[in-house]
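Below is one structure, written out as structure tokens; comments come after it.
In my numbering, the protein residues as written are 48 to 488.
Next comes the structure, spelled out in structure tokens:
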């Protein structure tokens, strides 16, 4: 036996494990952590492309945040906070509550504009989230087509999710600024109990915003993975947030740290955060969060609803068995379209039936330059002998498992797509009834 070919470091890195001699299915990801790293290193280019598309839809929201930052800085530098100290004009003898009032007016405008800007950002989140979910399910993707398909399928659910956060953020910020204005008033600040209640109301507002962020993340994941109504989506998101609170807080922090780095990291770290968000970080956040929530769905939702668990993972401990066939209605539209094209092309004649290999002495009789009727007869007999031998081989091996399995799979796939095209006129076996308004996409 020839020795294994030894490759250099660069060759091994370029070719990867799938080209090595000891490659096996056991090297496929068997956990959500392994799946995350497998997608990160194997589909990095796709993630960057999806991220760049999402950045376009998030630009209005980024512009609103940046303009608010500029206005707050301008108010801080140009406000009459030094009036009355030395030479100043105009003379404002009492500046109590002036800064708080200016902040209230500024935030009322810009936090209000965040709501429609977030609605535009929901376009990118719905399309990009759909693509990344399909990557986690290890399904084939077409970035442009699937991005538009994700917007069509998921936009209203994602819009509801971002509205929950932005509206809660707007209300909490407005109430917090009002509390600051009241605390700055001399008549109110003299009463310690009122000041305490106003401060507590601000803390409650910040807690509600943090909780709304977690609920929004769950609503995005649920809205991309399941068909639900508006109230059911919010209710299920709250249930999942409370039921998995420690894990949710950890993975939410693990997913969203680039955003907090940009907003609260200072000038130098903010520049790094912006570069990460433009190039890769938005896709990274969706990948981390959707990967985690798929684990939660496999643990708490899918088994109770009768859906397959562990999509995208390889179970190396599972016994070898015949290939399970996925219901086309649970597959992505891109995968259904791919299967439809296969069915339209028809069965492969090289796979659906036995073909006798050329491994015997049967040959077509070669006519001489000058041939007679006997030579033509021999040519015909040689062709007939080859045809009969081929038919005999086909009849002998037609019941081999690989041919029977291929034909059965093709017929089932063809029948399932025909029923789907017919609008489900034929009666199908009823699936286990899921919880109200929570159906698999």
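Glycine is no exception: its CB is placed at the ideal position from the N, C-alpha and C atoms.
Quick one, are the C-beta atoms of residue 32 and residue 97 less than 8 angstroms apart? Residue 32 lies beyond the residue range present for the chain, which begins at 48 and ends at 488; the question has no answer from this structure.
Which residues in the same chain as residue 201 place their Cβ atom closer than 7 angstroms to its Cβ, once the five residues preceding and following it in sequence are excluded? Here residue 201 refers to the residue found at position 154 when the chain shown is read from its first residue. For residue 201, where only same-chain residues beyond five positions count, the Cβ hits under 7 angstroms are 173, 176, 177, 270, 271.
Compare the C-alpha of residue 103 against each of 221, 170, 206 and name the closest. Locating residue 103 in the chain shown gives position 56, where the first residue counts as 1. When each option's Cα is compared against that of residue 103, the closest is 170.
Would you check if the distance between the CB atom of residue 414 and the CB atom of residue 433 is smaller than 8 angstroms? Within the chain shown, residue 414 is the residue found at index 367, counting from 1. Within the chain shown, residue 433 is the residue found at index 386, counting from 1. Not closer than 8 angstroms, so no.
Distance between residue 456 and residue 445 (C-alpha atoms, nearest Å): As a working mapping, residue 445 is identified with position 398 in the chain shown. As a working mapping, residue 456 is identified with position 409 in the chain shown. Approximately 16 angstroms, taken between the alpha carbons.
Within 10 Å of its beta-carbon, does residue 275 have 16 or more other beta-carbons around it, so buried, or fewer, so exposed? Position 228 of the chain shown, counted from the start, is the residue given in the question as residue 275. Burial of residue 275 is indicated by the presence of at least 16 other C-beta atoms within 10 angstroms of its C-beta.
Would residue 146 and residue 111 qualify as a contact pair, given that the criterion is a beta-carbon distance under 8 angstroms? Counting from 1 along the chain shown, the entry for residue 146 is found at position 99. Counting from 1 along the chain shown, the entry for residue 111 is found at position 64. The criterion of a C-beta distance shorter than 8 angstroms is not satisfied by residue 146 and residue 111.
Taking only runs of the alpha helix (DSSP H) that begin and end inside the stretch 414-467, which ones reach a length of at least 4 residues, in chain order? Uninterrupted alpha helix (DSSP H) stretches at least 4 residues long and entirely within the stretch 414-467 occur at 420-444, given in chain order.
Out of 331, 307, 114, point me to the one whose CA is closest to residue 91's CA. Residue 91 sits at position 44 when you count from the first residue of the chain shown. The shortest Cα separation from residue 91 among 331, 307, 114 belongs to 331.
The stretch 260-269 / the stretch 291-303 touching (three or more Cβ pairs under 8 angstroms): Look at the beta carbons and you see the stretch 260-269 touching the stretch 291-303: at least three pairs across the two are nearer than 8 angstroms.
Residue span of the alpha helix (DSSP H) that contains residue 184, given as start and end: Counting from one through the chain shown, the residue named residue 184 turns up at place 137. Following the DSSP letters along the chain, one finds residue 184 in no alpha helix (DSSP H), marked with neither H nor E.
Contact defined as beta carbons within less than 8 angstroms: I believe residue 258 pairs with residue 216. What is the distance between those atoms, to the nearest angstrom? Taking the first residue of the chain shown as 1, we reach residue 258 at position 211. Taking the first residue of the chain shown as 1, we reach residue 216 at position 169. About 12 angstroms separates the CB atoms of residue 258 and residue 216; that is not less than 8 angstroms, and the two are not in contact.
Do you know how far the Cα of residue 291 is from the Cα of residue 338? Stepping through the chain shown from its first residue, residue 338 is reached at position 291. Stepping through the chain shown from its first residue, residue 291 is reached at position 244. Whole-angstrom Cα-Cα distance: 15 angstroms.
Three CB pairs or more closer than 8 angstroms across the stretch 216-235 and the stretch 193-200: The stretch 216-235 and the stretch 193-200 do not touch, with fewer than 3 CB-CB distances between them shorter than 8 angstroms.
Nearest-angstrom Cα distance between residue 286 and residue 447? The residue given as residue 286 occupies position 239 in the chain shown. The residue given as residue 447 occupies position 400 in the chain shown. C-alpha separation (whole angstroms): 51 angstroms.
Residue 372 burial status per 10 Å Cβ neighbour count (16 or more: buried): The residue given as residue 372 occupies position 325 in the chain shown. Below a pLDDT of 50, predicted positions are generally treated as unreliable, and residue 372, at 48, falls in that range; no measurement from the model is reported.
Taking 8 angstroms as the threshold (C-beta atoms), are residue 260 and residue 212 in contact? Position 165 of the chain shown holds residue 212. Position 213 of the chain shown holds residue 260. Yes. Within cutoff.
Looking only at its own chain, which residues have a Cβ that is under 8 angstroms from the Cβ of residue 150, when we skip the five neighbours before and after it? Residue mapping note: residue 150 aligns to position 103 of the chain shown, counting from 1. Excluding sequence neighbours, residue 150 sits near 119, 122, 224, 227.
So what's residue 145 in DSSP terms, helix, strand or just coil? Locating residue 145 in the chain shown gives position 98, where the first residue counts as 1. Helix.
From residue 428 to residue 459, what does the alpha carbon distance come to, in whole angstroms? On the chain shown, residue 428 is found 381 positions in, with the first residue counted as 1. On the chain shown, residue 459 is found 412 positions in, with the first residue counted as 1. Taking C-alpha positions only, residue 428 is separated from residue 459 by approximately 41 angstroms.
8 angstroms contact criterion, which residue 354 and residue 77 should meet: CB distance rounded: Counting from 1 along the chain shown, the entry for residue 354 is found at position 307. Counting from 1 along the chain shown, the entry for residue 77 is found at position 30. No, residue 354 and residue 77 are not in contact; Cβ-Cβ is about 20 angstroms, not under 8 angstroms.
7 angstroms Cβ shell around residue 359 - same chain, five flanking residues per side excluded: Taking the first residue of the chain shown as 1, we reach residue 359 at position 312. Closer than 7 angstroms at Cβ, skipping near neighbours: 82, 183, 184, 185.
For residue 163, which three-state DSSP category applies? Reading the chain shown from its first residue, position 116 is the one you call residue 163. Helix at residue 163.
Whole-Å CB distance - residue 340 paired with residue 268, under 8 angstroms assumed: One-based indexing of the chain shown puts residue 340 at position 293. One-based indexing of the chain shown puts residue 268 at position 221. So it is a contact: roughly 4 angstroms between Cβ atoms.
Quick one: residues in its chain with C-beta nearer than 7 angstroms to the C-beta of residue 357, no 5 flanking neighbours on either side, listed in chain order? Taking the chain shown and counting its residues from 1, the one referred to as residue 357 is at position 310. Cβ neighbours of residue 357 beyond the five flanking positions: 345.
In the DSSP assignment, find the unbroken alpha helix (DSSP H) run with residue 89 in it and report its ends. Residue 89 sits at position 42 when you count from the first residue of the chain shown. It spans 79-89 - the alpha helix (DSSP H) in which residue 89 sits, taken as one unbroken run.
Distance, residue 252 Cα to residue 239 Cα: To locate residue 239, count along the chain shown from 1; it is residue 192. To locate residue 252, count along the chain shown from 1; it is residue 205. Rounded to whole angstroms, residue 239 to residue 252 spans 20 angstroms at the Cα level.
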